[in-house]
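Worksheet: one structure, shown below.
Chains as they are written, first to last, in our numbering: chain A, 1249 to 1894; chain B, 5 to 104.
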């Protein structure tokens, strides 16, 4: 089936061009209209093609739209082509849907900003790049989108570039991502070298013949691709840029650094599942790094005071869950969590933005409190999102997180250790999220009196997106209710043609082993996680609401741990000392010694040598015209003499 | 009638005078005039050979040379005037900017 799929990314591109070319010359209303309508149109077309896709038979749910050959160079052929299958469909709907809601919210949030036009320009460019990333039918075009979203991330983190910390954070994000992208590119080179193509369909079809399953090459290629994912999706060891990225405007944090861009790594792995399934070592690495990041970032979030930083570490932690799911071959579960996370984490950020809006930009939770009554809509939506992320049954996060936990336990690739860490992280998540709730919305009002007068609920243009996202945070998980709870797990079935491709290709991969466990165990584990979450919520309630003095006592009795967590394990300082400082010193050496003394010295020495040599020849040129004439005459006489006497 | 050789000897003498003028004179105007002299010595030789062969082509050729010489004189004099305005001298030995 050949639909004009290019329309989906085209609209944000047009929006970007219109807003970008006439920057500073359009009225605000028109800017917001262009910005939002372009993304909205993408969403409408996404929905249309989604239903077209549903009308196809289950095995043939692929739509392709090849526009033209982009790079025809000998054997290296790359198309500008778009691919719409269940996986891209989910991503397109999430990106354009959540993106549209956040664009609308931005109208209110960015209203008084001087860079209003610039903001929507960048946002539209971002949506265009992200849609290119998820729709691309080959790795190279995907990489174009991958770099495009990185660029927009940089531009939007440093949106308030007059602020030193913001422009530094932008640079940090860009440079850290470069490291990951380096790995990504090398991974692509290996794939092209072995398979001779970068087209998804060709690569996945030929890979089983071209690569030795479990061999060194496929392991290297997938590990390098995963390295790119750790950069883009903020996993250990390259996660350090994401917390700093909170310097950007809050809608940016919601759209780019929570809902869409940072999930690109998960999407990439789910897309490449055929390759990953052939490299068990990589799978183990992905699972371990994923779950380690989930736990590690969760612990840091416990001790942060900045409302956006807590959410940033929470994002890193939730992304860790998604990678853990991919690592245990539960790709569909990872994408499922990606989708629900996009809903509730975007909501959390937008609601946090609404709080900051009401408090004149205050981000420190120590100066909040008691906002429950002053900002009821923000409070209720925030609470819904918190219940979702904590995994309270019925909310979207419960289904996706529990699916991941169950798979880490039951899959052949999983282990009880991964499951245990995941379970503990779920408890931590509940704790720090409710700490956030209690510090922000309960207790006494700790802000200064001027801010106190200023507190107001945000305008409808901001609260309506919150309400829509809140509804999605509740019902978003209902598409994937597991069998054991009487649902059909339709989401996973929908994704199956893509995420289970290696089985369809006739590979003798290990089947997902959920059948070997009884549903009783699944129910017991589910109950265990719910009980643990409830216990941690009660703990948060006890420490941060009922008995607020306990918080101080807790801090004092674990002062070393608190310092460690508050200082984010001092990883930034560690990287600074071990990587940044040597690089800076090495560059200084290359500049001051190698460049100035050796390179410049060589060149200047050569110039001086030639100058000295020419000094000896210089008298030949007397500069006297008559001498030249005389020599010229003698020369003519000599030639004539030669001709005559020959 | 004057023999052909006399014309040629005169032409050679004029050319030699012109050459010596270019080589030894310091005055730009003199050098310029010496060059013109050499040019006309060559014209004389061409006319002579034309006459010797009874062929009119040489005459036509000389007229062309004279025309070009007139144009060249205009350009050359203009250049000398410009140089004089800049250096305030027409002594050729002072024009040694390239030496440094």
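Note that CB positions come from ideal geometry on N, CA and C, so glycine has one too.
Just to check my reading of the structure: residue i and residue j have Cβ atoms closer than 8 angstroms, yes? What is that Cβ distance to the nearest angstrom?
i	j	result
residue 1636 (chain A)	residue 1717 (chain A)	Not quite, the Cβ-Cβ distance comes to about 10 angstroms (not below 8 angstroms), so this is no contact.
residue 1514 (chain A)	residue 1571 (chain A)	7 angstroms
residue 1245 (chain A)	residue 1652 (chain A)	Since the first and last residues shown for chain A are 1249 and 1894, residue 1245 (chain A) lies out of range.
residue 1575 (chain A)	residue 1601 (chain A)	About 33 angstroms; that fails the 8 angstroms criterion.
residue 1617 (chain A)	residue 1557 (chain A)	The Cβ separation is near 18 angstroms, so there is no contact.
residue 1663 (chain A)	residue 1504 (chain A)	Wrong, their Cβ atoms sit about 33 angstroms apart, outside the cutoff.
residue 1915 (chain A)	residue 1364 (chain A)	Nothing in the structure corresponds to residue 1915 (chain A), since chain A is present only between 1249 and 1894.
residue 33 (chain B)	residue 94 (chain B)	6 angstroms
residue 1433 (chain A)	residue 1446 (chain A)	Not confirmed; about 11 angstroms, so no contact.
residue 1629 (chain A)	residue 1703 (chain A)	Actually they are not in contact, since the Cβ atoms of residue 1629 (chain A) and residue 1703 (chain A) sit about 17 angstroms apart, beyond 8 angstroms.
Please tell me whether residue i and residue j are closer than 8 angstroms, where the distance is taken between their beta carbons.
i	j	result
residue 1644 (chain A)	residue 1724 (chain A)	yes
residue 1501 (chain A)	residue 1606 (chain A)	no
residue 1424 (chain A)	residue 1386 (chain A)	no
residue 1256 (chain A)	residue 1290 (chain A)	yes
residue 1448 (chain A)	residue 1407 (chain A)	no
residue 100 (chain B)	residue 1871 (chain A)	yes
residue 1624 (chain A)	residue 1560 (chain A)	no
residue 1812 (chain A)	residue 1680 (chain A)	no
residue 1677 (chain A)	residue 1667 (chain A)	no
residue 1674 (chain A)	residue 1802 (chain A)	no
residue 1378 (chain A)	residue 1498 (chain A)	no
residue 1315 (chain A)	residue 1383 (chain A)	no
residue 1284 (chain A)	residue 1351 (chain A)	yes
residue 1744 (chain A)	residue 1573 (chain A)	no
To the nearest angstrom, how far is the alpha carbon of residue i from that of residue j?
i	j	result
residue 1267 (chain A)	residue 1836 (chain A)	42 angstroms
residue 1354 (chain A)	residue 1340 (chain A)	20 angstroms
residue 1854 (chain A)	residue 1847 (chain A)	11 angstroms
residue 1641 (chain A)	residue 1806 (chain A)	32 angstroms
residue 1890 (chain A)	residue 1882 (chain A)	12 angstroms
residue 1697 (chain A)	residue 1615 (chain A)	11 angstroms
residue 1258 (chain A)	residue 1295 (chain A)	15 angstroms
residue 1519 (chain A)	residue 1451 (chain A)	11 angstroms
residue 1453 (chain A)	residue 1631 (chain A)	46 angstroms
residue 1878 (chain A)	residue 1856 (chain A)	33 angstroms
residue 1712 (chain A)	residue 1356 (chain A)	11 angstroms
residue 1282 (chain A)	residue 1265 (chain A)	10 angstroms
residue 1563 (chain A)	residue 1506 (chain A)	6 angstroms
residue 97 (chain B)	residue 1861 (chain A)	27 angstroms
residue 1553 (chain A)	residue 1683 (chain A)	10 angstroms
residue 1686 (chain A)	residue 1620 (chain A)	10 angstroms
residue 1819 (chain A)	residue 1828 (chain A)	12 angstroms
residue 1774 (chain A)	residue 1654 (chain A)	8 angstroms
residue 1757 (chain A)	residue 1824 (chain A)	Model confidence at residue 1757 (chain A) stands at a pLDDT of 41, short of 50, so the residue's coordinates are unreliable; what they give is reported in the following sentence. Distance between the alpha carbons of residue 1757 (chain A) and residue 1824 (chain A): 43 angstroms.
Can you find a C-beta in chain B that's less than 8 angstroms from the C-beta of residue i?
i	result
residue 1859 (chain A)	no
residue 1877 (chain A)	yes
residue 1881 (chain A)	yes
residue 1871 (chain A)	yes
residue 1874 (chain A)	yes
Can you tell me whether residue i is buried or exposed, with buried defined as 16 or more other CB within 10 angstroms of its CB?
i	result
residue 1472 (chain A)	buried
residue 1464 (chain A)	exposed
residue 1760 (chain A)	Bear in mind that the predicted position of residue 1760 (chain A) carries a pLDDT of just 46, short of 50, making it unreliable; the figure below should be weighed with that in mind. That one is buried.
residue 1380 (chain A)	buried
residue 1598 (chain A)	buried
residue 1791 (chain A)	buried
residue 1585 (chain A)	buried
residue 61 (chain B)	exposed
residue 1418 (chain A)	buried
residue 1752 (chain A)	Reliability fails at residue 1752 (chain A), whose pLDDT of 47 lies under 50, so the model's placement of it is uncertain and the value that follows must be treated cautiously. By the 10 Å Cβ count, residue 1752 (chain A) comes out exposed.
residue 1839 (chain A)	exposed
residue 1817 (chain A)	exposed
residue 1317 (chain A)	exposed
For a cutoff of 8 angstroms on Cβ pairs, would you count residue i as touching chain A?
i	result
residue 96 (chain B)	yes
residue 100 (chain B)	yes
residue 93 (chain B)	no
residue 52 (chain B)	no
residue 26 (chain B)	yes
residue 71 (chain B)	no
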